[in-house]
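The sequence shown begins at 1483 in the working numbering and counts up by one.
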Amino acid sequence: MKRKAEGLSAEERAVVRLPEQTSALPKGARNLFDRIYRVNRTIGRLNPPEAMHDWIRRHFGSLEAVERQTIVKITNQVTLEEALFNELRASRPVETRRSGDLLQEIAQSAGDPFCHPLEGTPEDVFGRIEGAHSITASNVAKYDAYHGLVVFDKHNPLEISELAVRDYLDVGYRWAERALKADPEAKYYFFMWNALWRSGASIVHGHAQVASTQGAHYSKVEHLRRSALNYRLFNGTNYFDDLVRVHKALGLALSYQGVSVLVNLTPVREKEVLLISFSLSGSLAGAIYRVLDCMLTQLGVSSFNLAIYMPPLSQTPEDWSGFPYVTRIVDRGNPAARTSDVGAMELFASPVTTTDPFRVIEPLRQRFLR
Ligand SMILES: [Zn+2]
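Okay, here's the thing in structure tokens:
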């Protein structure tokens, strides 16, 4: 008999059973969960006409599954991030195939300007930063005074290695240090990585982007800083520590050499993984690599976004104490799909999510064991 620490076995755990799982938590963890999250579970009902019955059975297994649908709304009361899960969608198996057409399309786009960055891309006014696997370029159409690219030596954006990820982070950080030297006000550094069209990447060739802004951090980073600060003032504890504790108690987190890896309960897009660390160097690159490798080989991901939130590079008026390095990674769906994964709901209300976080943590756990 399997030990049921959370009241339910690993196979039984599901986002739609979150109320049962949280009520089975030890009191401390339960209180912490209630402090951060609010969960609303409701049932959607409908009456399908006879003519639709066969179609429904074929697509959803049974009539009952569609006639009564469980919907869970999870709200992070600290940040007001929220996610809606529908049991019908969340219970579907994770699609892991990648089409051969995609790899062919990637290969066919080789020979682009990023394949020869020294001639194909401009350099920043302070020159280029070069690493073993990447080189920086200045972004042609900037969205900030300091906005550059980390151009990977690999054309295929889905071909990654731990050494290369370490190099991208290192080259990006050296770029930010150079930007700060050029302009001491460019203190707020942001690292982001879009892979393939669905993620917003306009160029196929593997690359990340770096930006350093002034005055205050980008608003979503600043929002998280303020939320965490309010949390500490109100509760006396560090928000990120408590977030990790809650995810651990629910079986949605693992540790890798000091980096906490969480499957976010309120994912902004599919399969969001958060990595919380106290440095940009050290084991973060290894953790990012393992998450991406698991997503690309086990979780059917072909297009993703990654971003790193971090404190400014030098002294600022705001209180950043206790703010860690927060890496966010999301799946952006099948590159062959024409429908966007961002509709009015996601833009203006709350993200509707298909993948159950409890289906993401197990493959991740397996990947980190290797
Ligand atoms: Zn290329």
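Just so it is clear, CB atoms sit at the ideal spot from N, CA and C, and this is done for glycine as well.
Remember, predicted model here, so these are calculated numbers, not experimental data.
Residue i versus residue j - alpha carbon distance
i	j	result
G1654	L1747	29 Å
T1524	A1496	15 Å
C1597	V1686	11 Å
A1861	N1638	Residue 1861 lies beyond the residue range present for the chain, which begins at 1483 and ends at 1852; the question has no answer from this structure.
M1534	R1540	10 Å
P1749	T1835	7 Å
P1508	L1736	19 Å
Q1559	Q1691	31 Å
V1745	L1846	9 Å
K1624	I1790	19 Å
C1776	R1849	6 Å
S1620	R1610	8 Å
I1553	L1732	19 Å
L1781	K1555	23 Å
E1569	F1542	11 Å
Near ligand 1: residue i beta-carbon under 7 Å from a heavy atom
i	result
H1637	yes
D1813	no
A1592	yes
H1687	yes
C1597	yes
Residue environment, residue i, which counts as buried when at least 16 other CB atoms sit within 10 Å
i	result
K1753	buried
T1809	buried
Y1721	buried
F1672	buried
E1601	exposed
E1563	buried
N1816	buried
Q1797	exposed
S1684	exposed
A1831	exposed
Cβ distance (whole Å) where residue i is taken to contact residue j below 8 Å
i	j	result
D1635	H1615	5 Å
R1520	N1717	So it is not a contact: roughly 16 Å between Cβ atoms.
Legend entry - Contained alpha helix (DSSP H) runs [length at least 4] in the segment 1707–1768, N- to C-terminal order: DSSP assignment within the segment 1707–1768 yields the following whole alpha helix (DSSP H) runs of 4 residues or more, N-terminal first: 1721–1731.
Legend entry - Minimum length 4: unbroken alpha helix (DSSP H) runs contained in the segment 1524–1572: If you keep only unbroken alpha helix (DSSP H) runs of at least 4 residues inside the segment 1524–1572, you get 1535–1542, 1545–1549, 1569–1572.
Legend entry - Whole alpha helix (DSSP H) elements within the segment 1796–1834, 4-residue minimum: Runs of the alpha helix (DSSP H) inside the segment 1796–1834: 1826–1830.
Inset, instruction - At 4 residues or longer, and completely inside the segment 1608–1643: list those alpha helix (DSSP H) runs for me, N to C. - result: none
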